[in-house]
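Data first, discussion second: the structure below is written as structure tokens.
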Amino acid sequence: MSTQPRRVENLHTDKGKVPVYATGIVEQPWDDYSDDDHATWSTLYARQREILPGRACDEFLAAQDAMGMSADRIPKFSELNRVLAAATGWTLMGVEGLLPELDFFDHLANRRFPVTWWIRKPEQIDYIEEPDLFHDLFGHVPLLMNPVFADYMEAYGKGGVKAHGIGADALQNLTRLYWYTVEFGLIKQSGGGQAGGLRIYGSGIVSSKAESVHSLESAAPNRIGFDLERIMRTRYRIDSYQKTYFVIDSFEQLIQATQPDFTPIYARLSRQASLPAGEVLDTDTVYQRGTGEGWPTDADV
Ligand code: PHE
Ligand code: FE
63 MSTQPRRVEN LHTDKGKVPV YATGIVEQPW DDYSDDDHAT WSTLYARQRE
113 ILPGRACDEF LAAQDAMGMS ADRIPKFSEL NRVLAAATGW TLMGVEGLLP
163 ELDFFDHLAN RRFPVTWWIR KPEQIDYIEE PDLFHDLFGH VPLLMNPVFA
213 DYMEAYGKGG VKAHGIGADA LQNLTRLYWY TVEFGLIKQS GGGQAGGLRI
263 YGSGIVSSKA ESVHSLESAA PNRIGFDLER IMRTRYRIDS YQKTYFVIDS
313 FEQLIQATQP DFTPIYARLS RQASLPAGEV LDTDTVYQRG TGEGWPTDAD
363 V
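Positions 63 to 363 (this note's numbering) are the ones given, in order, by the sequence shown.
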């Protein structure tokens with residue numbers, strides 16, 4: 063989450079230089095998308111929408127429908143912003159890449175969501191290391207239509223600004239929470255789904271065909287009930303499927319559990335060792351203990 067932002071001065075497009083504003087904000091250069099770019103969007107969009115019913119949580123699918131993202135061409139941020147503004151007051155802003163942490167938190171705290179404007183190349187269709195437009199827009203933006211999740215994201219941004227003022231360890235604890243909820247979270251949904259009613263809400267999963275299947279159906283990973291402090295101690299993988307997915311009961315649970323002041327929690331956690339990504343504790347609520355098949359053996363982040 064915290065790699066160096068790319069220099070926005072490098073942003074030259076077919077139409078010349080795209081306006082670049084403060085803290086890396088870019089006007090979406092929509093006219094510059096090529097036919098290949100639109101085709102990449104529509105291929106990925108169709109592929110995910112085909113496999114997600116019954117796998118993604120109903121809130122995600124409903125929110126995406128309500129938002130009305132175009133399936134056949136890259137959506138215009140300006141059009142989505144009209145819908146979002148009316149629903150929850152969030153605004154999408156184009157960015158060139160990852161922002162400095164404090165800028166990112168400040169945007170979220172003010173209900174602005176940074177979306178990478180460029181889309182992956184056809185040869186990167188299945189996997190790309192850095193977040194691109196498909197991950198950000200398809201994966202993150204739909205749930206901003208959901209009032210409860212929209213509030214969680216704002217609260218997270220405010221918590222980020224605060225953690226930034228506390229120090230690097232607090233930030234690391236908070237980043238793990240983002241990772242295991244916003245990016246890779248599962249939710250229990252009564253009324254079915256795979257793997258005993260588990261569904262996906264994390265954007266890192268929902269924007270990946272392979273991980274959408276793996277996270278729910280593979281025997282390899284652990285699936286463990288949400289526990290705030292436990293998650294904030296747990297390392298993670300950035301280069302492979304997660305070894306552990308954490309399961310919430312509802313978005314309300316997420317809001318409730320993260321409401322308390324984290325300052326004393328950070329202090330407590332600073333005296334505890336971090337946990338390897340694949341560890342299972344006696345105190346865990348275990349939905350599934352993973353077989354560990356295929357897990358990388360080098361250290362987790
Ligand atoms: N309650 C947290 C704090 O005091 C802020 C927060 C809210 C963090 C929601 C993450 C998610 O720092
Ligand atoms: Fe992301």
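Ideal Cβ positions, reconstructed from N, Cα and C, are used throughout, including at glycine.
Keep in mind it's a predicted model, so treat the numbers as computed, not measured.
Helix, strand or coil at residue i [DSSP, three-state]
| i | result |
| --- | --- |
| Q350 | strand |
| A118 | strand |
| R261 | strand |
| S277 | helix |
| Y95 | coil |
| D360 | coil |
| Y303 | coil |
| T345 | coil |
| Y328 | helix |
| A133 | coil |
| I187 | coil |
Any non-hydrogen atom of the ligand PHE closer than 7 Å to residue i Cβ
| i | result |
| --- | --- |
| G221 | yes |
| A171 | no |
| D323 | yes |
| L233 | no |
| Y214 | yes |
| T353 | no |
| P178 | Just to set this straight, residue 178 is Thr in the shown sequence, not Pro. For the ligand PHE, not one heavy atom lies less than 7 Å from the Cβ of T178. |
| Y242 | no |
| L320 | Just to set this straight, residue 320 is Thr in the shown sequence, not Leu. Answer for T320: yes, Cβ within range of the ligand PHE. |
| Y263 | no |
Span of the alpha helix (DSSP H) around residue i
| i | result |
| --- | --- |
| L307 | Inspection of the sequence shows that residue 307 is occupied by Tyr rather than by Leu. Taken as a continuous stretch (DSSP letters only), Y307 belongs to no alpha helix (DSSP H), being part of the beta strand (DSSP E) at 306 to 310. |
| N143 | 139 to 149 |
| D323 | Looking at the DSSP string, D323 is not in any alpha helix (DSSP H), and its letter there is neither H nor E. |
| Y242 | Looking at the DSSP string, Y242 is not in any alpha helix (DSSP H), and its letter there is neither H nor E. |
| P209 | 209 to 228 |
Beta-bridge partners of residue i, as assigned by DSSP
| i | result |
| --- | --- |
| F175 | L154 |
| G287 | V309 |
| I87 | V157 |
| P296 | Checking the displayed sequence, the identity of residue 296 turns out to be Thr instead of Pro. Note: T296 sits in a beta bridge opposite L337. |
First through last residue of the beta strand (DSSP E) which encompasses residue i
| i | result |
| --- | --- |
| K250 | 248 to 250 |
Closer than 7 Å: residue i CB and nearest the ligand FE heavy atom
| i | result |
| --- | --- |
| S252 | no |
| G17 | Residue 17 is absent from the structure shown; the chain starts at 63 and stops at 363. |
| E163 | no |
| H226 | no |
| E245 | yes |
| G151 | no |
| G201 | yes |
| H197 | yes |
| P193 | yes |
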